[in-house]
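In the order they appear, the protein sequences are chains A and B. Residue 16 is where the first sequence starts when you use our numbering, and the numbers rise one by one after that. Residue 11 is where the second sequence starts when you use our numbering, and the numbers rise one by one after that. Here is the structure we will look at, set down as structure tokens.
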Amino acid sequence: MKEKRTTLVLVPLLAWMVLAVVVIWPWMHQFDQKRATLSTLAHINAAIWWIVLLWALHHLTFQLSSLLSSSPTERPRHDLSPPSIAILCPTCDDFDEECCLSCVEQDYDDFQVYILDDSRSVDYRRRTARFAEAHSDCHRVARSDRRGFKAGNINHALREHVTAEWFLLVDADQRLPRDFTRKLVERALLSATEDTVFIQAAHHAFQHEDNSAFQRALGPEVSIFYERDLGPSARFGFVSLLGHGALIRKADCLALGGFPEVVSEDFAFALRVGRDGKRGVYAEDVASAESYPYDFGAFMTRLKKFASGSAELLKHEVPEFLKRKSKATRVEKWDFAMAMLWYVLMPLLVLNSFLGAYVVHALWSSGVPYLHPVLPYLYTWLLAAVFAVILSTTRDWRRAVRFYFWSTAIYTASLPVSGWSFLYHLFCRAGFERTPKGRKRTAVSSGESMLTALLGVAAIACGLAWLSPFSPVIIGQGVAYLSYRLYADLCSESVTGRIARASIWLPGLLYLFALYAVWRWAW
Amino acid sequence: MEQPLRRQVVISASTTVLAAALNKALSELNWSFLVSVFVGVLVLLRSYPRCKQWYRTLDRGRRIGVSFLASASASLAALAGWYHIVGPRLSQWIIPDEEVVALVRRARWITYGPLEFDPTAQRQPRPSSMREELLWIRRAGFDGIITFSSQEPLDMIPHLAKESGLSVIMGIWNPTDRREVLLAAAKRKDVDGYVVGHNRLGINYSYRELLNVVRELRLRTRRPVTTTERIGTYLHDQRLLAVGDWVFPDAHLSLRDASQTLPIPIFRADARRDIVATTEYAQKIAALARQHRKPVLLKMITYPMGGVDDTSLHEQANYFSLLLDSRRDAVAEMPLDVSISVHSAFDHPWKMRWPFYQWDPYTGLIDEKGRPRPAAEAVIERLP
């Protein structure tokens, strides 16, 4: 397998090493002489922040490389005969007729649509059957058990029903443009080599007038991920399979044993592809629409699924992928490790904020210059770079600003629960929880809300008791934790909904105030 | 040579000449800076067409993102350029002359080192004892203190001094110690002026390092900043006169008896003899300072009450009385535009070995129980 270029992986790593080893470490060393306990705590605190910085620099470098490179313009080849395609729509009590309609209406010549129905609900079963009967190229596949979640469903169809060379995976919340399959196949014919197992297409957020406030505010995340993260990863890192909008070679899939029957079957499959010395291709110029979770409850369900799925991957699939005998390239291994690092960092971040509040207060109140003078510049530039990436996809200031503040609050509020979910599933078996689709409100667990709120109160109390330039950060986190239950009403038109939509700006504002405080401290 | 390149070289050279003029105006000619300007402008001009071409290949979203990032990066670079390159060089103009004169002319400055401080035994003073000593200084009638170091725990002194109603000129012992510099800068609310370094130029730090810290501190704190070297050093190295906002030379005498011709130097107190030496130095430094339009505050005007022959509390008081009385004389030899700060608040028993004189431990104007010695009373009586 061809080794990928290491440039993009090395740039952030070198920048980080220069910052950490040459600039910061000698600076931190000055605390060694004073108060041993405080010095130890300061070092632990700084070490965790520096790992977070490594993670951030890695992803930001990839995003910026996408920002600075021109859009891909590869001309399709028409001299090869198009293969037969099976469009697989797995569903489990979330059948969406519009999605399947967009599948059967593809302008491709040789394709069949399979609705892989794992629904428990009789109503959904009837609807899928009715739909299949109404469309000649559409087949309904059901099975007697539901073993292996979504992966088991797809494997069953591949082994028992699908005869096509390639199959296209579609999610229930996707909308395929009419030319999607044709373009993706053209792209496959252009880019696929013998070792290509899958071609992952891009997505953008589904724009609809019925979209909730949550979807409108956070929808740009889909485009940021597909336009800015995945593009450079395909050239300089690891290409993940994202479980939908992907064309997969059936023979290779079955040769690898089908989809691993785990929660994150798509990532696990991509890991096995990489481990086997094969590869995935990313088709940035072929895109379909997908829905962002309707509200905070649905978002949390999805995030917890990601966290538990990542814990499961870390236990079962990642060690094999990272081993020496794995045929994946070094940059693929590093890039994937960086992707997984976020889940490991989540629980650490929650705890480190409390530690940071104490350490910064102790050093600040004694006048010790804890922050290196270069840090205010670095933090400001990082913020500007992140905002530039957001702005490049939203192409609108107001949407970019709204996305920044909403995503800051939502991801901060989700940290304790998703961090806990990751930790818990490192030791316990993960269960498959389907991401809620449609416009139904999803409630958040009252236990989670209460515990997160208590953590929020503690964070605010610590921020006020240990005053320092770090206080706005921990108070911002506290406000987000405290608002966990409130955010579940973000899409509601009630009074609490309005309060939620007003207060969601608070954590982001407090973080900006912290940046101002850092400048004041440094100067 | 192609026409565009020639034009670009001309533009780069013109920019460099402008930068050189600015550089010269700031009394510096830094060749590495000028070469950087020339190369930087040339590279910018050479790469501009390619950047423009590349920019056109980007889609609208990317153009918006790139424009924002470029603007933000340029703003940060400009900010960094101001704070670290241009600002410090222009900092001499941010402190109004009146502020410096008011600081220097403020009466009754005295140097302060805590009684419990003993660097030879690694002994650090307690905040409570420093607080008490500063109260003694205030009660004795002094209204400002001059410190020598900002290392912990001495960095607490300005805050404690403010509690006692004292003004503070905060000392930084080692300008190459970033921690000490930043600790000092962090105390700016309680500080009226800074003095960077004390008689260690060319030993602990270079002229360039000293200048950089003086400028940075001035920009950061918006307080007058200067340095201290032995008064004789100013006469030989006049760059020192340009370093600070005021001239703050160490006017510490040796008490050496020049009438003795023995190979081993003999030290002996003689107030009348030493007044003459102090006045001579003051005249010389005042003449130089006038050329640079800088006010002068003599530092370390001191006389011992023990340690060598002929010293006593009376002789100590006599020295200060004669020196300060000479300023009231209509035909005074002591220049009137030279201010005086005295040394020191308390005795420093740890100053026993080289490089200190044998009388250096006995220069306190207040005893260890907080009682002002006659010299302190003489100073307070004669300083307005």
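Glycine residues also receive a C-beta, built at the ideal position from the N, C-alpha and C atoms.
If you compare alpha carbons, which of A:Thr511, A:Val488 and A:Gly493 is closest to Tyr531 (chain A)?
Stepping through the first sequence from its first residue, residue 531 (chain A) is reached at position 516. If you compare the alpha carbons of A:Thr511, A:Val488 and A:Gly493 with that of Tyr531 (chain A), the shortest gap goes to A:Val488.
So, is the C-beta of Trp64 (chain B) closer than 9 Å to a C-beta in chain A?
Looking up residue 64 (chain B) in the second sequence gives position 54. True, the Cβ-Cβ gap to chain A drops below 9 Å.
Can you pull out the residues from the stretch 54-80 of chain B whose beta carbon lies closer than 7 Å to at least one beta carbon of chain A?
Hits within the stretch, in order: Thr67, Leu68, Asp69, Arg70, Gly71, Arg72, Ile74, Gly75, Val76, Phe78 and Leu79.
On the premise that Arg345 (chain A) lies in contact with Asp210 (chain A), defined as a C-beta separation below 8 Å, what is that separation, rounded to the nearest angstrom?
Taking the first residue of the first sequence as 1, we reach residue 210 (chain A) at position 195. Taking the first residue of the first sequence as 1, we reach residue 345 (chain A) at position 330. Not quite, the Cβ-Cβ distance comes to about 17 Å (not below 8 Å), so this is no contact.
Please report whether the beta-carbon of Ser351 (chain B) lies at a distance below 9 Å from any beta-carbon of chain A.
One-based indexing of the second sequence puts residue 351 (chain B) at position 341. By this cut-off, Ser351 (chain B) is not an interface position.
The stretch 332-349 of chain A touching the stretch 454-462 of chain A, judged by at least three CB pairs closer than 8 Å:
Segments in contact, no.
Note down, in chain order, every chain A residue with its Cβ under 8 Å from the Cβ of Ser83 (chain B).
Position 73 of the second sequence, counted from the start, is the residue given in the question as residue 83 (chain B). Close to Ser83 (chain B), with beta-carbon spacing below 8 Å, are these residues of chain A in chain order: Trp396 and Ala399.
Which residue comes first and which comes last in the alpha helix (DSSP H) that contains Phe164 (chain A)?
Counting from one through the first sequence, the residue named residue 164 (chain A) turns up at place 149. First-last of the alpha helix (DSSP H) with Phe164 (chain A): Phe164 to Glu175.
Does Thr408 (chain A) have its Cβ less than 9 Å from a Cβ in chain B?
The residue labelled residue 408 (chain A) in the question sits at position 393 within the first sequence. Closer than 9 Å to some Cβ of chain B, the Cβ of Thr408 (chain A) qualifies, so yes.
So, do the stretch 197-207 of chain B and the stretch 173-186 of chain B have three or more beta carbon pairs nearer to each other than 8 Å?
When Cβ pairs closer than 8 Å are counted between the two stretches, the stretch 197-207 of chain B is seen to touch the stretch 173-186 of chain B, the count reaching three or more.
DSSP on Met11 (chain B), reduced to helix/strand/coil?
By one-based count along the second sequence, residue 11 (chain B) stands at place 1. With a pLDDT of 46 at Met11 (chain B), under the threshold of 50, the predicted position of this residue should be treated as unreliable, though the coordinate-derived value follows. Here Met11 (chain B) sits in coil by DSSP.
Quick check: the stretch 508-525 of chain A against the stretch 420-434 of chain A, are at least 3 beta-carbon pairs closer than 8 Å?
As far as the Cβ criterion goes, the stretch 420-434 of chain A touches the stretch 508-525 of chain A, which means the pair count is three or higher.
Minimum Cβ-Cβ distance from Arg535 (chain A) to chain B less than 9 Å
In the first sequence, residue 535 (chain A) corresponds to position 520, counting from 1. No - not a single Cβ of chain B is within 9 Å of the one on Arg535 (chain A).
Looking at C-alpha atoms only, which residue of B:Val53, B:Thr130 and B:Val224 is the closest neighbour of Gly97 (chain B)?
Start at 1 with the first residue of the second sequence, and residue 97 (chain B) comes out as number 87. Ranking B:Val53, B:Thr130 and B:Val224 by Cα distance to Gly97 (chain B) puts B:Val224 first.
Helix, strand or coil for Ser99 (chain A), going by three-state DSSP, please let me know.
Against the first sequence, residue 99 (chain A) aligns to sequence position 84. When DSSP states are grouped into helix, strand and coil, Ser99 (chain A) belongs to the coil group.
Taking the runs of the beta strand (DSSP E) that are 3 residues or longer, which of them lie wholly in the stretch 257-335 of chain B?
The DSSP assignment places complete beta strand (DSSP E) segments of no fewer than 3 residues inside the stretch 257-335 of chain B at 306-312, in order along the chain.
Need the endpoints of the beta strand (DSSP E) that Gly295 (chain A) sits in, please.
The sequence position of residue 295 (chain A) within the first sequence is 280, counting from 1. Residues Arg294 to Glu305.
Indicate whether Val156 (chain A) and Glu180 (chain A) have their beta-carbon atoms separated by less than 9 Å.
Along the first sequence, one-based indexing puts residue 156 (chain A) at 141. Along the first sequence, one-based indexing puts residue 180 (chain A) at 165. No, they are not a contact pair.
Given this structure, state the Cα-to-Cα distance separating Thr25 (chain B) from Arg16 (chain B), to the nearest angstrom.
Translated into the one-based positions of the second sequence, residue 25 (chain B) becomes position 15. Translated into the one-based positions of the second sequence, residue 16 (chain B) becomes position 6. Each residue's Cα considered, the two are about 14 Å apart.
DSSP three-state assignment for Gln63 (chain B), whether helix, strand or coil
As a working mapping, residue 63 (chain B) is identified with position 53 in the second sequence. Here DSSP, grouped into helix, strand and coil, assigns Gln63 (chain B) to helix.
Where do the ends of the beta strand (DSSP E) carrying Ser177 (chain B) lie?
As a first step, residue 177 (chain B) must be located in the second sequence, where it is residue number 167. Residues Ser177 to Ile182.
Quick one: does Met11 (chain B) have its CB under 9 Å from some CB of chain A?
On the second sequence, residue 11 (chain B) is found 1 positions in, with the first residue counted as 1. Its pLDDT being 46, under 50, Met11 (chain B) is placed unreliably by the model, and the measurement read from it follows with that caveat. When Cβ-Cβ separations below 9 Å define contact, Met11 (chain B) makes no contact with chain A.
Give me, in chain order, the residues of the same chain whose beta-carbon lies closer than 6 Å to that of Val200 (chain A); leave out the 5 immediate sequence neighbours on both sides.
Looking up residue 200 (chain A) in the first sequence gives position 185. Beyond the five residues adjoining it in sequence on each side, Val200 (chain A) comes within less than 6 Å, by CB distance, of Pro97 in the same chain, given in chain order.
Expressed to the nearest angstrom, what Euclidean distance is found between the alpha-carbon atoms of Met11 (chain B) and Arg66 (chain B)?
As a working mapping, residue 11 (chain B) is identified with position 1 in the second sequence. As a working mapping, residue 66 (chain B) is identified with position 56 in the second sequence. For Met11 (chain B), the predicted model reports a pLDDT of 46, less than 50, meaning its position is unreliable; a value from the coordinates is still stated below. So the two alpha carbons sit approximately 28 Å from each other.
Going by beta carbon distance, what residues of the same chain come within less than 8 Å of Val416 (chain A), once the five residues before and after it are set aside?
Along the first sequence, one-based indexing puts residue 416 (chain A) at 401. So no residue of the chain qualifies.
Name the DSSP bridge partner or partners of Pro105 (chain A)?
The residue given as residue 105 (chain A) occupies position 90 in the first sequence. Answer is A:Leu131.
Over the uninterrupted alpha helix (DSSP H) stretch that includes Trp181 (chain A), give me the two end residues.
Here the question's residue 181 (chain A) lines up with position 166 in the first sequence. Where Trp181 (chain A) is concerned, there is no enclosing alpha helix (DSSP H), although the beta strand (DSSP E) it sits in stretches over Trp181 to Leu184.
Using DSSP's beta-bridge definition, name the partner residues of Pro382 (chain B).
The residue given as residue 382 (chain B) occupies position 372 in the second sequence. Partner(s): B:Ile376.
Tyr392 (chain A) touches chain B at which residues, Cβ-Cβ below 7 Å?
Indexing the first sequence from 1 puts residue 392 (chain A) at position 377. Chain-order list of chain B residues neighbouring Tyr392 (chain A): Leu86 and Ala90, by C-beta distance under 7 Å.
Contacting residues, own chain, Cβ-Cβ under 7 Å from Ala207 (chain A) (five flanking each side not counted)
Sequence index remark: in the first sequence, residue 207 (chain A) carries index 192 (1-based). Annotation for Ala207 (chain A): Ile214 and Val296 place their beta carbon closer than 7 Å to its own, counting only its chain and skipping 5 residues before and after.
Please say whether Phe282 (chain A) and Gly324 (chain A) have beta carbons closer to each other than 9 Å?
Along the first sequence, read from residue 1 onward, the residue named residue 324 (chain A) stands at position 309. Along the first sequence, read from residue 1 onward, the residue named residue 282 (chain A) stands at position 267. Yes, the pair counts as a contact, with Cβ atoms nearer than the cut-off.
Close beta carbons around His9 (chain A), own chain, < 7 Å, minus the five adjacent residues each side
Outside the modelled stretch of chain A, which goes from 16 to 538, sits residue 9 (chain A), for which no answer is possible.
Should Leu113 (chain B) be labelled buried (16 or more other beta-carbon atoms within 10 Å of its own) or exposed?
Taking the first residue of the second sequence as 1, we reach residue 113 (chain B) at position 103. Leu113 (chain B) comes out buried.
Contact under 9 Å by Cβ, Leu191 (chain A) with Ser303 (chain A):
Within the first sequence, the letter at position 176 stands for residue 191 (chain A). Within the first sequence, the letter at position 288 stands for residue 303 (chain A). Taking the C-beta atoms as reference points, Ser303 (chain A) is found nearer than 9 Å to Leu191 (chain A).
8 Å Cβ cut-off: residues of chain C touching Ser85 (chain A)
Among the chains of the structure shown, chain C does not appear; the protein chains present are A and B.
Would you mind giving the Cβ-Cβ distance between Thr130 (chain B) and Trp360 (chain B), rounded to the nearest angstrom? I have them listed as a contact below 8 Å.
Within the second sequence, numbered from 1, the residue matching residue 130 (chain B) stands at position 120. Within the second sequence, numbered from 1, the residue matching residue 360 (chain B) stands at position 350. The beta-carbon distance between Thr130 (chain B) and Trp360 (chain B), rounded to whole angstroms, is 5 Å. This is short enough to meet the 8 Å contact definition.
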